[in-house]
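Worksheet for the structure shown next.
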Amino acid sequence: FEGTQPFFNYPRVLGHELSGELIEADGAEGFAIGEAVTFIPYFNCGECIACRMNKPNCCVKMQVCGVHVDGGMREYLQVPSRTLLHGAGLTYDELALVEPLAIGAHGVRRADVQPGEFVLVIGAGPIGLGTMEFARIAGANVIALDINADRLDFCKDKLKVSHVVNALDTDVVQQLSDITNGDMPTVVIDATGNQKAINNAINYMAHGARFVLIGLQKGDLIFNHPEFHKRESTLMSSRNATIEDFSHVIKSMKAGLVNPTNYITHKVKFDAVKDEFQSWLDPENGVIKAMVTMDNE
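So for the sequence shown, the working numbering puts the first residue at 3; every next one is plus one.
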């Protein structure tokens, strides 16, 4: 919508975080007409080097629903049967949250987060919040870093994040040092895609730390090489998610480890999207996740 997604092309029907009722199921063994489903919105080729390495989330010919091909903001959507996931036990709203939460879960898995580690998550947007949840589920001591005081309060009160740091009113390096007993976080995950935030993050890492980029921006990646090098840091990107991550999210929801209602701040019917969408982009409006329903009756 804003034109900042580097893999996006226009015109395009948006929508890749969704759920629905299955009305036709040719070739979808084990699925029943009328059941609630969600799906993995990353259509991979199954043949390229990434797919052969069991990394379909970064397929060379990747087609993401709502990014490369038209998405789910419409009454009916046809998807490959192999991408379907059962939704029994979860509401349609909860199922629509599985994909964005899986993005964070994948980043945490990429970082190989271990119990007791200090994990710094930069950015308290929807993806960052999900990342914090799954770092917590992995047993980490989670630190949230953002510039929005309301979002940091949300992290502390709703997500039970161990520590919150506001980059606007504190010496971030000193506060991180105090929290970690001088060690600094051994995992840093960026969920902003902001060049300045990525540059600053180099100074927040422990020696030997892993730095995972979930956030994405259009420009070049530029940071201080000596600061990165002396730490013998590991830098990795995290793209999309896999069936393992989706399954982990669904199981965590059903087990009560994640409360989906924390994320749903706004609900509108499809006919109202045109009028409401722009306002959702303003952080002052407190939007975390806005649910769009196709039932306009």
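Note that the Cβ used here is the ideal one computed from N, Cα and C, for glycine as well.
Please report the distance separating the alpha-carbon of GLY221 from that of GLN197. Taking the sequence shown and counting its residues from 1, one reaches residue 221 at position 219. Taking the sequence shown and counting its residues from 1, one reaches residue 197 at position 195. Rounded to the nearest whole angstrom, the C-alpha separation of GLY221 and GLN197 is 8 angstroms.
May I have the straight-line CA-CA distance separating VAL294 from LYS232, to the nearest angstrom? As a position in the sequence shown, residue 294 is number 292, starting the count at 1. As a position in the sequence shown, residue 232 is number 230, starting the count at 1. Whole-angstrom Cα-Cα distance: 48 angstroms.
Distance cut-off 7 angstroms: MET255 Cβ against heavy atoms of the ligand ADP: The ligand ADP is absent from the structure shown, which contains no ligand whatsoever.
Please report the distance separating the alpha-carbon of SER21 from that of SER83. Position 19 of the sequence shown, counted from the first residue, corresponds to residue 21. Position 81 of the sequence shown, counted from the first residue, corresponds to residue 83. If you take the alpha carbons of SER21 and SER83, they lie about 14 angstroms apart.
Measuring alpha carbon to alpha carbon, tell me which residue in VAL166, LEU122, CYS50, CYS157 is nearest ASP185. As a first step, residue 185 must be located in the sequence shown, where it is residue number 183. Ranking the options by Cα distance to ASP185, first place goes to LEU122.
Is there contact here, the segment 151 to 163 with the segment 122 to 142, by at least three beta-carbon pairs under 8 angstroms? For the pair of segments examined, the segment 151 to 163 was found to touch the segment 122 to 142: the number of CB pairs separated by less than 8 angstroms reaches three.
Quick one: using the 10 Å Cβ neighbour count with 16 as the cut-off for buried, is ASN226 buried or exposed? For the purposes of this step, residue 226 is taken as the residue at position 224 of the sequence shown. Flag for ASN226 reads exposed.
Starting from the Cα of MET255, find the closest Cα among CYS67, ASP95, TYR12 and give me that residue. For the purposes of this step, residue 255 is taken as residue 253 along the sequence shown, with counting starting at 1. Considering only alpha carbons, the answer is ASP95.
The beta strand (DSSP E) spanning ALA146 covers which residue range? Within the sequence shown, residue 146 is the residue found at index 144, counting from 1. Residue range 143 to 148 is occupied by the beta strand (DSSP E) that includes ALA146.
Look up GLY22 in the DSSP assignment and say whether it is helix, strand or coil. In the sequence shown, counting from the first residue as 1, residue 22 sits at position 20. Here GLY22 sits in strand by DSSP.
Please list the terminal residues of the continuous alpha helix (DSSP H) segment that includes THR133. Sequence index remark: in the sequence shown, residue 133 carries index 131 (1-based). 128 to 139 is the span of the alpha helix (DSSP H), which, as asked, contains THR133.
Residues of its chain near ILE284, where Cβ-Cβ distance is below 8 angstroms and the 5 sequence neighbours each way are ignored: Within the sequence shown, residue 284 is the residue found at index 282, counting from 1. Correcting the residue type first, residue 284 is Asp in the shown sequence and not Ile. Counting only Cβ-Cβ distances below 8 angstroms, and skipping sequence neighbours, we find nothing.
Start-end ranges of the alpha helix (DSSP H) lying completely within the segment 245 to 279, minimum 4 residues: Taking only runs of at least 4 residues, the alpha helix (DSSP H) segments lying wholly in the segment 245 to 279 are 245 to 256.
Could you tell me whether the Cβ atoms of GLN77 and MET238 are closer together than 8 angstroms? Counting from one through the sequence shown, the residue named residue 77 turns up at place 75. Counting from one through the sequence shown, the residue named residue 238 turns up at place 236. Per the sequence shown, the amino acid found at residue 77 is Glu instead of Gln. Going by C-beta atoms, GLU77 is not nearer than 8 angstroms to MET238.
Which whole-angstrom value describes the C-beta separation of LEU103 and VAL251, a residue pair presumed to lie in contact below a C-beta threshold of 8 angstroms? As a first step, residue 103 is located in the sequence shown; it is residue number 101 there, counting from the start. As a first step, residue 251 is located in the sequence shown; it is residue number 249 there, counting from the start. Contact between LEU103 and VAL251 is confirmed by a C-beta separation of about 5 angstroms, below the 8 angstroms threshold.
Three-state secondary structure (DSSP) at VAL123? Stepping through the sequence shown from its first residue, residue 123 is reached at position 121. VAL123 falls in the strand class under three-state DSSP.
Smallest Cα separation from GLU23: which of ALA38, ILE42, VAL260, VAL15? Counting from 1 along the sequence shown, the entry for residue 23 is found at position 21. Ranking ALA38, ILE42, VAL260, VAL15 by Cα distance to GLU23 puts ALA38 first.
Based on DSSP bridge pairs, tell me the residues matched to THR236. Working through the sequence shown from its first residue, we reach residue 236 at position 234. The partner list for THR236 (beta bridge, DSSP) reads ARG212.
Euclidean distance between Cα positions of ILE200 and ASP192: In the sequence shown, the residue the question calls residue 200 occupies position 198. In the sequence shown, the residue the question calls residue 192 occupies position 190. Computed Cα separation, rounded: 7 angstroms.
Taking 8 angstroms as the cut-off, decide whether the C-beta atoms of VAL214 and SER240 are in contact. By 1-based counting over the sequence shown, the position of residue 214 is 212. By 1-based counting over the sequence shown, the position of residue 240 is 238. Closer than 8 angstroms, so yes.
Excluding sequence positions up to five away, which residues of its chain have a Cβ less than 6 angstroms from the Cβ of PRO58? Locating residue 58 in the sequence shown gives position 56, counting from the first residue. Shown here for PRO58: same chain residues with a beta carbon closer than 6 angstroms to its own, the five before and five after excluded, namely ASN46 in chain order.
Which two residues bound the contiguous beta strand (DSSP E) that contains VAL294? Along the sequence shown, read from residue 1 onward, the residue named residue 294 stands at position 292. Start and end: 291 to 295.
PHE41 lies in the beta strand (DSSP E); which residues open and close that run? In the sequence shown, the residue the question calls residue 41 occupies position 39. Where PHE41 is concerned, the enclosing beta strand (DSSP E) stretches over 38 to 41.
What is the C-beta distance between VAL15 and MET75, in whole angstroms, given that I count them as a contact (C-beta under 8 angstroms)? On the sequence shown, position 13 is the one that residue 15 refers to. On the sequence shown, position 73 is the one that residue 75 refers to. With a Cβ gap of about 6 angstroms, VAL15 and MET75 count as contacting.
Could you check the C-alpha separation between PRO8 and GLN219 for me, to the nearest Å? For the purposes of this step, residue 8 is identified with residue 6 of the sequence shown, where counting begins at 1. For the purposes of this step, residue 219 is identified with residue 217 of the sequence shown, where counting begins at 1. Taking C-alpha positions only, PRO8 is separated from GLN219 by approximately 7 angstroms.
Would you mind working out which of GLY195, ALA243, MET207 sits nearest THR6, comparing C-alpha positions? Indexing the sequence shown from 1 puts residue 6 at position 4. The shortest Cα separation from THR6 among GLY195, ALA243, MET207 belongs to GLY195.
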